[in-house]
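Single-structure report; data block below.
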Amino acid sequence: MARQIRIEFPGAIYHVTARGNEWQAIFRNNLDRQTFLVLLGQISEQYGVKVRAYCLMPNHYHLILETPRGNLSQAVGWLQLTYTVRFNRQHKRSGHLFQGRFKAFLVDADEYAQVLTLYVHLNPVRPEDKNAAIPAGRIKTLGNYRWSSHLAYAGKVGKPDWLDISWLQYWGETEDRARKEYQEAIRGLFGKVIVNPQGNVQDSLVLGGDALREQVENAIKNKSGKEEKHWIIEKSHLDIRRQLEAILKEELDQGVRLWARVRLGGERMIDLSREFGYKDGSGVLHAVKRIERRAEKDQGIQRKLLDLKSRLLSSFKS
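So the sequence shown is numbered by this note's numbering: it starts at 2 and just counts up by one.
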């Protein structure tokens, strides 16, 4: 059976998961967990990976990683191999520890940062029946769970140097406001069914950024019958942004320009906020949503957005 394509490029963000072989425990005690976290810090230092969030469960883990160097497989491969060697030595065993390759889902942070972070952090209290609601009484359990980045996000413990919690900006303009809104979002999910944000999507699907997503999906279709280990995207974010800049040269509507740079160019909202006069990324998000609501009612705006997307995609086919 052909291995699924691993999509890697500089700046890519992933939700990474891996399970123990035959669903067996990959963490038998707190020493194992501490060892894994030390190694997680080392991939940040050695490979330049930004660790956005994590959660360690008995037989699997969840990581949200950003890769400025486009080196996910190298970094996570080293993490799992090194951890396996140390785990086997500690527990006097041999052989595989993890079940196959790790899974990695490409993530559009501006679309999925909040829902994915909440999903990862709520793993310790989710029922075995994934269609059941999280019992309200488990909120204390989450507050006592040491092996995720939840407590650092909530401001209950200090964060390690290698953990980047700047995604808190999606919850508020100031750190205090963001932590408060984050905690309220967590509390609001108790008593509810938590759905995996990936749903039934396949390994390495791009979640967000229309131009990049379509480019990647077309490439996957073209390579589906081959034994592909890795595929490095030929058109980088920079290529897309250069093309988009030329297309938007005569566009006077600032809202349309902002929409295109976020939805088509894949630029981070926090990076665009200062340029467009907003305090933070949330202001940009609201502006983008306003344009999309306008497009629902105004066929002229709708045609303009579709035309921009079509012109950008055509520029890569020529």
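Cβ atoms here follow ideal geometry from the backbone N, Cα and C, with glycine treated the same way.
None of these values were measured; they are calculated from a predicted model.
Asked                                                                                                                           : Found
Residue from K290, L273, A261 and R295 with nearest C-alpha to L309                                                             : A261
Contacts around G284, its chain only, beta-carbon distance under 7 Å, and the 5 residues preceding and following it disregarded : S274
Beta strand (DSSP E) runs wholly inside the stretch 37 to 87, at least 3 long, in chain order                                   : 51 to 57 and 61 to 68
DSSP state of K104 mapped onto helix, strand, coil                                                                              : strand
L306 beta carbon less than 7 Å from that of F277                                                                                : no
Closer than 7 Å to chain D by CB, W163                                                                                          : Looking at the structure shown, chain D is missing, and only one protein chain is on hand.
Helix, strand or coil at R127 according to DSSP, with G and I counted as helix                                                  : coil
Beta-ladder partner(s) of V17, from DSSP                                                                                        : L64 and A105
Separation of S311 from G144, as counted between CA atoms                                                                       : 48 Å
Within 7 Å, strictly: CB atoms of G266 and I302                                                                                 : no
Three-state secondary structure (DSSP) of L119                                                                                  : helix
7 Å Cβ shell around R291 - same chain, five flanking residues per side excluded                                                 : G256
8 Å contact criterion, which A54 and H122 should meet: CB distance rounded                                                      : 7 Å
Separation of D272 from Q170, as counted between CA atoms                                                                       : 12 Å
Local conformation of E9 per DSSP, three classes                                                                                : strand
Check whether V339 and L82 have beta carbons under 7 Å apart                                                                    : Shown here, the chain extends from 2 to 319; a query on residue 339 therefore has no answer.
E251: first and last residue of the uninterrupted alpha helix (DSSP H) it sits in                                               : From DSSP, E251 is part of no alpha helix (DSSP H); its letter is neither H nor E.
The stretch 111 to 130 / the stretch 178 to 195 touching (three or more Cβ pairs under 8 Å)                                     : yes
Residue environment, H61, which counts as buried when at least 16 other CB atoms sit within 10 Å                                : buried
C-beta atoms of L40 and Y84 nearer than 7 Å                                                                                     : yes
Beta-carbon proximity of Y113 to A76, cut-off 7 Å                                                                               : no
Buried or exposed by the 16-neighbour rule on C-beta atoms within 10 Å, applied to A133                                         : exposed
Close-in-space but distant-in-sequence residues of the same chain around N89 (CB under 8 Å, 5 per side omitted)                 : S95, G96 and L98
Spatially closest choice to A19 from Q35, K51 and M58, by CA coordinates                                                        : M58
Proximity below 7 Å, CB of W172 to CB of E182                                                                                   : yes
Range covered by the alpha helix (DSSP H) that runs through I166                                                                : I166 -> no alpha helix (DSSP H), and no H or E assigned at all.
Expected contact under 8 Å - CB spacing of R147 and V126 to nearest Å                                                           : Contact doesn't hold; Cβ gap of about 14 Å is too wide.
Within 7 Å, strictly: CB atoms of I253 and P198                                                                                 : Per the sequence shown, residue 253 should be read as Leu rather than Ile. No, they are not a contact pair.
Opposing strand residues paired with S149 [DSSP bridges]                                                                        : C56
Close beta carbons around N201, own chain, < 6 Å, minus the five adjacent residues each side                                    : Residue placement at N201 is flagged as unreliable, the pLDDT there being 44, under the threshold of 50; the coordinate-derived value follows with that caveat. Nothing meets the Cβ criterion.
Beta carbon of P1 nearer than 7 Å to that of G71                                                                                : Here the chain covers residues 2 to 319 and nothing more, so residue 1 does not appear.
G282, buried or exposed, once every other Cβ within 10 Å from all chains shown has been counted against 16                      : buried
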